[in-house]
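Note that this note's numbering has the sequence shown beginning at 1, numbered continuously upward. In what follows, a single structure is set out as structure tokens and then discussed.
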Amino acid sequence: MPTIPLSQASAGMVLAADAESLDGMYRLAAGLLLTDAHLRVLRGWHVREIEVAAPSEASPAPDDAAPADAATAAAARFAHLPQNEPIVAALLELALARAAGEPAPGRGRLPASRPLPPAEARSPERILATDPMLVSLPEVFMRIREVLSDPDSTVEEAAAVIGKDPSLTAKILKLVNSAFYARTMRAAGSLPPGPVDSLSRAVLLLGLNQLSTLAMGVSVLPLFKDIPPECVDMRQFWRHSVSVALLAKLVATRLGDPNPERFFVAGLLHDIGRLVLYKQLPEVAGTILAAAMTSGRPLDEVERELLGFDHAQLGGMLLRKWRFPESLEQAVWHHHDPLSGDTPLEPAIIGVADMVTLATLSGSGDRRVPRFIPEAWQLTGVEASELATIVATAETHLDIVCAMFA
Ligand SMILES: [Fe+2]
Ligand SMILES: [Fe+2]
């Protein structure tokens with residue numbers, strides 16, 4: 001099984017061992033017959049060597065072809081950003097500090113190639129209309145939605161509706177009793193005196209609206225359980241989403257928002273449009289990922305070019321179809337371009353949380369750190385000097401909250 005420099009690999013060779021992107025997020029599987037397109041993807045991943053099945057006349061890799069170290073890779077993810085901006089400089093410093101001791105994160109695969117569906121089947125409306133999973137919402141979700149939309153609903157009714165789903169109830173109670181919630185509630189001046197052992201108490205504590213929003217968000221997560229593992233590393237995906245959720249709620253709480261729960265849910269669901277694409281159009285999603293990796297362009301930009309819409313819009317449209325609160329839908333819809341929405345603060349909080357997460361805590365398929373939008377950061381009021389504390393706070397709770405959604 002010779003290992004050869006990628007520069008000497010050619011179409012027609014067969015991979016003898018998995019080849020991974022530098023950050024471990026994507027992988028071409030052993031046994032793959034390499035094409036020129038695969039070789040372009042591997043170059044985009046900065047893979048220097050591959051193992052091939054057929055004997056090769058290739059010579060060993062020169063010393064200078066050794067893989068870049070984690071710090072170099074981290075700095076490369078910031079190369080397109082204005083490094084003289086204090087926010088960018090602070091994020092880069094945090095990323096470099098983490099890269100010093102961090103192994104590569106989890107792994108993912110590029111989707112297998114499938115025939116491309118006709119263009120008319122790729123419109124966001126069509127995508128959201130044809131997937132049976134997306135049109136058959138959990139019963140508990142619809143009941144919670146009814147409670148939310150009825151101004152005469154009582155605490156007991158809300159608790160009874162959520163309580164019909166034991167798994168959802170367990171998740172909500174664990175979350176509300178977590179150290180993260182204690183912290184954000186203390187910051188909001190509403191720390192409970194003891195454990196929240198029933199949904200009725202949870203409703204009293206968070207308020208009907210907030211708890212129902214949280215329950216709606218958590219109740220749809222099982223719909224995305226059967227995404228093929230070759231499309232996306234779901235553990236890594238949810239880790240990214242939970243990180244954005246934690247950061248978004250922290251920022252919203254600091255701003256004194258009266259309903260910070262919707263930011264947690266918006267963070268949790270902000271990239272849900274990606275999951276819809278992975279599930280509905282895996283071949284297109286694979287092409288987009290490969291194009292983004294090889295060109296170094298943001299995923300949402302490549303999506304708009306190839307599809308005419310991006311995952312943020314698709315996710316926002318899905319939440320609209322599911323009749324989530326409008327502010328939540330807008331936060332998801334505009335998270336990559338907060339200033340394009342009617343209410344830029346909500347998407348700005350999600351966008352900032354996404355940037356901080358991708359820079360420091362967890363990636364989700366887009367190797368580059370998203371672009372810096374100074375106006376969005378100004379809206380959130382987050383300063384460069386606070387970033388280390390905010391990131392450390394979110395990181396402290398990340399594993400525990402991720403485990404609650406496993
Ligand atoms: Fe996104
Ligand atoms: Fe994201």
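All residues carry an ideal CB built from backbone N, CA and C; glycine is no exception.
- Straight-line measurement puts the Cα of Glu395 at about 15 Å from the Cα of Met355.
- Per DSSP, the unbroken beta strand (DSSP E) holding Pro5 starts and ends at 3–5.
- Residue pairing by DSSP places Glu49 opposite Pro5 in a beta bridge.
- With contacts defined by Cβ atoms closer than 8 Å, Glu51 and Leu92 do not form a contacting pair.
- Listed in chain order, the non-local C-beta contacts of Ala99 below 6 Å within the same chain comprise Ala70, Ala71, Ala74, local neighbours out to five positions each way being set aside.
- Between the alpha carbons of Ser340 and Pro260 lies a distance of about 22 Å.
- In the DSSP assignment, Pro260 falls outside any alpha helix (DSSP H), carrying neither H nor E.
- When only Cα atoms are considered, Ala312 and Pro2 end up about 43 Å apart.
- One thing to note: Leu255 has its Cβ no nearer than 8 Å to the Cβ of Phe180.
- DSSP places Asp354 within a helical segment (H, G or I) once states are collapsed to three.
- Within the same chain, Cβ atoms closer than 6 Å to the Cβ of Pro338 are found at Pro344, Pro347, Ala348, Gly351, Ala376, the five residues on either side in sequence being excluded.
- Annotation for Val135 indicates a beta carbon at 7 Å or more from all heavy atoms of ligand 2.
- Taking 7 Å as the cut-off, one finds at least one heavy atom of ligand 2 near enough to the beta carbon of His270.
- When secondary structure is reduced to three states using DSSP, Gly217 falls in the helix class.
- Proximity of the beta carbon of His240 to ligand 2 is indicated: a heavy atom of the ligand is located closer than 7 Å.
- Annotated three-state conformation of Leu42 is helix, per DSSP.
- Shortest gap from the CB of Asp354 to any heavy atom of ligand 2: under 7 Å.
- Closer than 7 Å to some heavy atom of ligand 2: that does not describe the Cβ of Val232.
- Secondary structure at Phe141: helix, using DSSP grouped into helix, strand and coil.
- With a contact defined as Cβ atoms closer than 8 Å, Phe78 and Val369 qualify at about 6 Å.
- At least one heavy atom of ligand 1 is found less than 7 Å from the C-beta of Asp300.
- In this structure Lys279 touches Asp131 by the C-beta definition: roughly 7 Å separates them, less than 8 Å.
- A residue is called buried when at least 16 other Cβ atoms come within 10 angstroms of its Cβ; Ser243 meets this threshold and is buried.
- In this structure Ser123 is exposed. Its beta-carbon is surrounded by fewer than 16 other beta-carbon atoms within 10 angstroms.
- Contact between the region 125–142 and the region 220–239 is present: three or more C-beta pairs spanning the two stretches fall below 8 Å.
- In the DSSP assignment, Cys231 falls outside any alpha helix (DSSP H), carrying neither H nor E.
- The Cβ neighbour count for Ser295, taken over all protein chains shown within 10 Å, is under 16; the residue is labelled exposed.
- As the crow flies, the alpha-carbon of Trp238 is around 8 Å from that of Leu268.
- Take Ala359, set aside five residues on each side of it, and the residues of its chain with a beta-carbon closer than 6 Å to its own are Leu91, Ala95, Val369, in chain order.
- For the pair Ser212 and Leu148, the CB atoms are nearer than the 8 Å cut-off.
- In this structure, Leu314 sits near Val276, with a CB-CB distance shorter than 8 Å.
- For His46, the shortest separation between its Cβ and any heavy atom of ligand 1 does not lie below 7 Å.
- For ligand 2, a non-hydrogen atom lies closer than 7 Å to the CB of Val244.
- Assignment of Val382 by DSSP, reduced to helix, strand and coil, places it in the coil class.
- Rounded to whole angstroms, the gap between the alpha carbons of Asp342 and His334 is 10 Å.
- Distance check between Leu379 and each of Glu20, Ala252, Leu137 places Ala252 closest, using alpha-carbon atoms only.
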